[in-house]
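Engineer:
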């Protein structure tokens, strides 16, 4: 038992958890804002992929990492706006539009990537984000090097969690978001523009999804490959449910998932040779499904989730 | 200002015109990408058309590709009719492929093998679809999310099989052993790949149409989807209908996998489906969830896929254009559907 304990509390293992959790935390917070306003965004998988592509491409062409991040965030916002146009302005089925946005943006990501870089046997790569130790904090034993010697985007994710909680629970805009997600009629009567608030929340969500994509292609893999997102977007949707639509709980869910994923990676590496490694790759997904089954009993979704709002139809 | 106004009735010609309108809009929108790639728009679409529908061989190739999408399209159409949000046709297809490959590798008389492959594949697909349906009925787990996540689980399970126990020990390739030659679906036209499974798919569409429109189960599925409260009030066991729908939907998606193993690949590999499960959603929506409409919608998408490869070779436009066309077609069709329920009315500024 103590051997397992030692394994888990190794610096490398903790650092791996943080790195796996970072894109999930961004994506989960993004999906949470969208759903809190009443809009399920199944476009997330495609939005992350397209953002990973534009971020990588912008950096590759300009040499600037932050320009890449900006490109990824703008891509996320643009695709968020597209999803909002269909679901909020036109009131179309959120499920099907989301799938449409995912199909469209992943197709576009592959198409444009192939157009720009052509077909190469070795995929082009960039010099991605490097770790930046934070003075003093990074000297804390175990925790320091794992948490405070990370990529800048990791620190942004750590800051994004309390910031998201603050915005959602302590600002007038956050109140509007929660109102339009719970009771759009009441929000409308109180003078809150349901359409505008939902647009803003979905676009903000898209920006966060863009950051998630940027992390994958610019910090984790430093390249854009077809498997760069591989289901992380779908996982984020489950993590929102698991985190009961709360920023803190959602981030906690991302950490928990990252823990299972990191454990799975360790198990793959630990020489359980005769078991195909894909068996371990399944684990985080099975874990998420089981966790949802356990948590869904008392999970309460925003009441107006999936319900389009049309002012004239009172 | 414009505003949407509820229609009191939908003109009949809309049913045919809307998908065509959506497809036309899609082709116009995507021509921008062709131009961006520096190719001629008309020329590129011309190559796509010729390569997919231009001669009898091309047509058979397109039909072969349409077959799995007819099945997944039917699977999605049936599920969405009951508002069972089955986004898991991809995983159900893969499960069907694995199960049928398992059965097809057992030596036995050909017709028996094909029948058992179909049964095993349908059962495997149904079993996978049962998971999100049960989770929804029992634990109120969102079926969209669970069916989506299951796709990844099944994909990795398939990979574990072909990288593990099924791995070709001779070549070392991650592919399953082939099915018995006797279990290969018969080819209908010499010199083409048009196999028995394609005909089964074409027959399945009117059968499912009959089931949805003319049978009690179909009625229950429709009522459950349209108004679950009314369905319950009318004495329909909504939970049981959802489970039945899931079984039917999963079985159809599983059959898509059976056709790919028995008629096209004769074994299982990692890329046995280029996303036919997701294309099924596009097909079902283009068909407006009508099983009969699934056939032309699947043929359209198959033509785009077949044609895109030829276009890529001829003009250098990346073949991924076909993926963009799929996504755009889905979104365009959704907007088009809006016009069946609403009309756009110009309203005065004084309003």
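Residue numbers (my numbering), protein chains in the order written: chain E, 7 to 320; chain G, 29 to 379. For glycine and all other residues, C-beta sits at the position ideal for the given N, C-alpha and C.
Taking the straight line between their C-alpha atoms, what separation do you get for residue 162 of chain E and residue 104 of chain E?
Structural biologist: 27 Å
Engineer: Comparing C-alpha positions only, which one of E:250, E:251, E:253 and E:218 sits nearest to residue 237 of chain E?
Structural biologist: E:218
Engineer: By the DSSP assignment, the alpha helix (DSSP H) with residue 318 of chain G in it spans what residues?
Structural biologist: Note, residue 318 of chain G: premise wrong, no alpha helix (DSSP H); not H, not E.
Engineer: Taking C-beta pairs closer than 7 Å, name the residues in chain E that residue 354 of chain G reaches, listed in chain order.
Structural biologist: In chain order: 109 and 113.
Engineer: State the Cα-Cα distance for the pair residue 188 of chain E and residue 174 of chain E, rounded to the nearest angstrom.
Structural biologist: 13 Å
Engineer: Taking only three categories from DSSP, how would you classify residue 229 of chain E?
Structural biologist: strand
Engineer: Rounding to the nearest angstrom, what Cα-Cα distance links residue 33 of chain G and residue 95 of chain E in this structure?
Structural biologist: 14 Å
Engineer: Please confirm if residue 56 of chain E has its CB atom under 8 Å from at least one CB of chain G.
Structural biologist: Contact of residue 56 of chain E with chain G is not assigned, every C-beta pair being separated by 8 Å or more.
Engineer: Helix, strand or coil, according to DSSP, for residue 114 of chain G in the structure here?
Structural biologist: coil
Engineer: Which of the three DSSP states is assigned to residue 372 of chain G in this structure?
Structural biologist: DSSP places residue 372 of chain G in strand when its eight states are reduced to three.
Engineer: Which residues in the same chain as residue 240 of chain E place their Cβ atom closer than 8 Å to its Cβ, once the five residues preceding and following it in sequence are excluded?
Structural biologist: The answer, listed in chain order, is 50 and 51.
Engineer: With three or more C-beta pairs closer than 8 Å as the rule, is the stretch 326 to 339 of chain G touching the stretch 96 to 103 of chain G?
Structural biologist: yes
Engineer: How is the alpha helix (DSSP H) around residue 259 of chain G delimited, first residue to last?
Structural biologist: 256 to 261
Engineer: Is DSSP giving residue 33 of chain G helix, strand or coil here?
Structural biologist: strand
Engineer: Does residue 214 of chain G have its Cβ less than 8 Å from a Cβ in chain E?
Structural biologist: no
Engineer: Cβ of residue 306 of chain G less than 8 Å from any chain E Cβ?
Structural biologist: yes
Engineer: According to a CB-to-CB cut-off of less than 7 Å, which residues of the stretch 184 to 218 of chain G neighbour chain E?
Structural biologist: 184, 185, 187, 188, 191 and 192
Engineer: For chain G, check one thing: does any of its Cβ atoms lie closer than 8 Å to the Cβ of residue 40 of chain E?
Structural biologist: no
Engineer: Compare the Cα-Cα distances from residue 307 of chain G to each of G:345, G:322 and G:217 and report the closest residue.
Structural biologist: Closest option to residue 307 of chain G, Cα to Cα, is G:322.
Engineer: Counting only runs that start and end within the stretch 267 to 327 of chain G, where is the alpha helix (DSSP H) found for 4 or more residues in a row?
Structural biologist: 304 to 314
Engineer: Can you tell me whether residue 236 of chain G is buried or exposed? The criterion is at least 16 other CB atoms within 10 Å of its CB, across all chains shown.
Structural biologist: buried
Engineer: Is it right to say residue 16 of chain E is buried, meaning 16 or more other beta carbons lie within 10 angstroms of its own, or is it exposed?
Structural biologist: exposed
Engineer: Residue 43 of chain G: buried (16+ other C-beta within 10 angstroms of its C-beta) or exposed?
Structural biologist: exposed
Engineer: Please confirm if residue 75 of chain G has its CB atom under 8 Å from at least one CB of chain E.
Structural biologist: no
Engineer: Since I believe residue 84 of chain E is in contact with residue 242 of chain E (beta carbons under 8 Å), could you give me their beta-carbon distance rounded to a whole number of angstroms?
Structural biologist: Incorrect: roughly 19 Å between the Cβ atoms, too far for contact.
Engineer: Applying the 10 Å Cβ sphere with the 16-neighbour rule, what's the burial state of residue 348 of chain G?
Structural biologist: buried
Engineer: Look at the alpha carbon of residue 252 of chain G and the alpha carbon of residue 342 of chain G, and state the distance between them as a whole number of angstroms.
Structural biologist: 49 Å
Engineer: List the endpoints of the continuous alpha helix (DSSP H) containing residue 265 of chain G.
Structural biologist: Careful: residue 265 of chain G lies outside any alpha helix (DSSP H) and carries neither H nor E.
Engineer: Is the stretch 66 to 80 of chain E close to the stretch 245 to 263 of chain E, with three or more CB pairs under 8 Å?
Structural biologist: no
Engineer: Can you list, in chain order, the residues of its chain whose CB lies under 7 Å from that of residue 158 of chain E, leaving out five sequence neighbours each side?
Structural biologist: 135 and 138
Engineer: Once the 5 residues before and after residue 317 of chain G are set aside, which same chain residues still bring their CB inside 6 Å of it?
Structural biologist: 105, 108 and 109
Engineer: In whole angstroms, what separates the C-alpha of residue 185 of chain E from that of residue 43 of chain E?
Structural biologist: 8 Å
Engineer: Answer yes or no: does any C-beta atom of chain G fall closer than 8 Å to that of residue 282 of chain E?
Structural biologist: yes
Engineer: Tell whether a beta-carbon distance below 8 Å holds between residue 54 of chain G and residue 331 of chain G.
Structural biologist: no
Engineer: Do the stretch 205 to 225 of chain E and the stretch 55 to 71 of chain E make contact, defined as three or more Cβ pairs closer than 8 Å?
Structural biologist: yes
Engineer: Any chance the stretch 332 to 339 of chain G sits against the stretch 107 to 125 of chain E, with 3 or more Cβ pairs inside 8 Å?
Structural biologist: no
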